[in-house]
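I have placed the structure first, in the form of structure tokens, so that the comments after it can refer back to it.
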Amino acid sequence: MDLLRTENLTKKFGELIAVNDVNISIQEEGILSIIGPNGAGKTTFFNLLTGYLKPTSGKVFLKGEDITNLAPYDIVHKKLSRSFQIASYFPEFTIFENIQMGVFNRLGYSYNYFANINKLKDVHKETEKYMKMLDLTEQKEMKAKFLSHGDKKILDIAMCLTVEPEILLLDEPTSGVSGTESTKVFNFIKNLSKKMKIVIVEHDMDIVFSISDRVVVLAQGSILADGTVEEVRKNEDVQKAYLGGFTEGGYEDAISGKSK
Amino acid sequence: MKTKNNILQDPYLYIFIIFLVYPFLPYIGKYRSVGTELLIWSIFALSFNLVLGYSGLPSFGHGAFFGVGTYAVALTLLHLTSKDVTISLILAAFFGGLFTFFYGFIIKKKRGIYFSLLTVAFSQILYVIGFRWDEVTGGETGITGLQRGGFLGIQINNPITYYYFVFVLFVITLLVIRKISNSPVGKVLLALKQDEKRAQYLGFNTERQVWFIFTISGIFAGLAGGLHGLLHLSAFSDTLHWTKSGDVVMATLLGGGLANFYGPIVGAIIFISAREILSSFWDNWLLLYGLAFVVIILFIPTGLLGIVERIREKKHFEQFNNNRNNIGSKNTQEIT
């Protein structure tokens, strides 16, 4: 069964058709990247998948279940999680507290008005597990707003993990992150893909072509191409849409460097 | 386990002691109703701060729920039982909660200015009802001449017993609200204040959280209103007016409710003292109070206790600034 599937998904903002009749099936393994020029509807598409926006028409199915009109928090409970283009976290909380939030929810403390948070051993243990995974144990008492930009991005993704998703949607995980840091974020994602399905919206072609198992190209709200990296690269429509941008060094290097 | 040192550092201890001995303090102790008023406003401001300081929701009509409590007490004493206030106070809290429960459901999805305006609008609707419905609320003249009687058989008629009666309720309120603020829900509220979208994508139904905390806040606001009615043995429609809501907003902000749990109490103390002391010198005392408010908020946007938080923050930053560049340097390799 498809993990995530859309059926004639369409979103109009007035006259503008941001996402136009998109049908896509996402299977259970590997990394799927969604690329496209600016304004292609990538983020809108993401927002439709995760319940942040409601489609004008069409449907979204998660593991066969219609989730089109569910609120974000209900979709999260069905094991779908997402990060944001602008790293999203709680700046006034410490790193530990940031991670703790997702754990609270998963362990069913959302409506607990009387437990002392410092005495919830199961939450503490579970949170520590993620802290170790992030190797942030030493800085756990630091407020998240003091982190570097790349680490904020990683924190954002780590928070998504606390809900134990089966499918993780990452909206431009390396946007605004410097070169070395972006490699770090990127390795982090690659490791995650061994455990869960990952869907990425990304601008950086080098990254897209070196980690994706499948690439979907959106242009003006519709699917322009859908296939493996090789297929998409050879697609003439895609090359036109990008005005030959792919033939420059970075992209070729990325392809030749890819070993499978 | 709390060490002895920790207990001594807990502001709660000092608040408890100050209010416990207040009636016996020289000079100010004899103004018992001022002390009682202080406690009542502290209850009100603490409950209000669950919405403003914790959840970041600017409710500018909270006086309405305070007023609902006042009328609940006045009407039950008038029509049901005038001997005992137990039922009256329970109903005050109940109706405070009931109104916030229904209204909270309507406005739980609204944020920012829309939330504010809808709360103001609601308080004005209630104000007009209170002001115009002569047969029930007494209209312009309000309801006067109430009797305090007893609470579960304990006489609370004289000012000092009433002071201690309110003191006990204040302590209970403080402990309950403090408990909530240290609970997972307290954290969720602080989280939704910072980034509601993020909280939702961690699986929190933030709208329902807002609805529930608004209701809890209403319960204590209603209780405070009921106690206020019993203090002055009357109910007037001006308790429902939006300017009353303004008072609690100003007090909470001034004290530092945005930054510190005890801020609302400090704010209530400043507000009541300013009102009692300044007004005895000059009728236009609100001018001075307003000026002080502007100056303080200009320099310390998070209110007086915001200073404490600012110092803490500075220490915190210094502690971590040195090693912030090293953070997470190896964190990507070891995940598998």
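Line by line, the protein sequences give chains W and R. Each residue of the first sequence is one higher than the one before, counting from 1168 in our numbering. Each residue of the second sequence is one higher than the one before, counting from 304 in our numbering. Where a beta carbon is used, it is the ideal one built from N, C-alpha and C, also for glycine.
Proximal residues, the stretch 1233 to 1258 of chain W versus chain R, C-beta separation under 9 Å: A1238, P1239, Y1240, D1241, I1242, V1243, H1244, S1248, R1249, S1250, F1251, S1255, Y1256, F1257, P1258
Distance check for I1201/W and E1232/W, CA to CA, integer angstroms please. 23 Å
Rounded straight-line distance, which links the Cα of N352/R to that of I630/R: Residue confidence is low: I630/R scores 47 on pLDDT, short of 50, so the model does not pin down where it sits. Its coordinate-derived value is still stated next. When rounded, the distance between both Cα atoms is 35 Å.
Span of the beta strand (DSSP E), counted from its first residue to its last, around A1386/W: 1381 to 1386
Any idea if S583/R is buried or exposed, counting beta-carbon neighbours within 10 angstroms, 16 or more meaning buried? exposed
If we define contact as Cβ-Cβ less than 8 Å, is S1342/W a contact residue for chain R? no
Chain W contact for V488/R (CB, 8 Å cutoff): yes
Quick one: Cα of N628/R to Cα of K333/R, how far? For N628/R, the predicted model reports a pLDDT of 49, less than 50, meaning its position is unreliable; a value from the coordinates is still stated below. Rounded to the nearest angstrom, the two C-alpha atoms are 59 Å apart.
Where does A538/R fall in DSSP's three states? strand
Could you tell me whether any Cβ in chain W is nearer than 8 Å to the Cβ of G456/R? no
Is the CB of G506/R under 8 Å away from at least one CB in chain W? yes
Do A375/R and F398/R have their beta-carbon atoms positioned less than 8 Å apart in this structure? yes
Can you name the start and end residues of the beta strand (DSSP E) that I1284/W belongs to? No beta strand (DSSP E) contains I1284/W, which DSSP labels as neither H nor E.
Backbone secondary structure at G1394/W - three-state DSSP: strand
Within its chain, find whatever has a CB closer than 7 Å to the CB of N1175/W; leave out the 5 residues flanking it on each side and keep chain order. D1188, N1190, S1224, G1225
Going straight from the alpha carbon of P1332/W to that of S1248/W, what length do you get? 6 Å
If you reduce the DSSP assignment to three classes, tell me which class E1308/W lands in. coil
With 8 Å set as the bound, which would you pick, yes or no: does the beta-carbon of K500/R sit closer than that to a beta-carbon of chain W? yes
In chain order, which continuous runs of the alpha helix (DSSP H) of length 4 or greater are located wholly inside the stretch 343 to 423 of chain R? 366 to 382, 389 to 410
Residues of the stretch 1281 to 1306 of chain W with Cβ closer than 7 Å to any Cβ of chain R, in chain order: F1281, A1282, N1283, I1284, M1300, L1301, D1302, L1303, Q1306
According to a CB-to-CB cut-off of less than 8 Å, which residues of the stretch 1262 to 1281 of chain W neighbour chain R? E1264, Q1267, M1268, G1269, F1271, N1272, R1273, Y1276, S1277, Y1278, N1279, Y1280, F1281
Beta-bridge partners of D437/R, as assigned by DSSP: According to DSSP, D437/R bridges with nothing at all.
Less than 8 Å between CB atoms is the rule here; does F1313/W satisfy it with respect to chain R? yes
If you drop the 5 nearest sequence neighbours on each side, which residues of the same chain put their C-beta closer than 6 Å to that of V337/R? E579
Indicate whether T1265/W and L1220/W have their beta-carbon atoms separated by less than 8 Å. The displayed chain sequence assigns Asn, not Thr, to residue 1265/W. No. Outside cutoff.
Verify the CB distance criterion: does V1330/W have a CB-CB separation below 8 Å to chain R? yes
Going by the beta-carbon positions, is the gap between L1274/W and D1289/W smaller than 8 Å? yes
Can you have a look at P487/R and say buried or exposed, based on whether 16 or more other CB atoms are within 10 angstroms of its CB? buried
Comparing the C-beta of M1363/W with each C-beta of chain R, is any distance below 8 Å? no
So what does DSSP say about A1238/W, is it helix, strand or coil? coil
Is any beta-carbon of chain R found at less than 8 Å from that of K1230/W? no
Taking only beta-carbon positions, decide if K1466/W is within less than 8 Å of chain R. No information on residue 1466/W is available, as it lies outside the stretch 1168 to 1427 that chain W covers here.
Using only the alpha-carbon positions, how far apart do G433/R and S540/R sit? 5 Å
Between the beta-carbon of L1359/W and the beta-carbon of I1365/W, is there less than 8 Å? yes
Which chain W residues sit within Cβ distance under 7 Å of N485/R? N1283, I1284
Which residues mark the beginning and the end of the beta strand (DSSP E) in which E1174/W is found? 1171 to 1180
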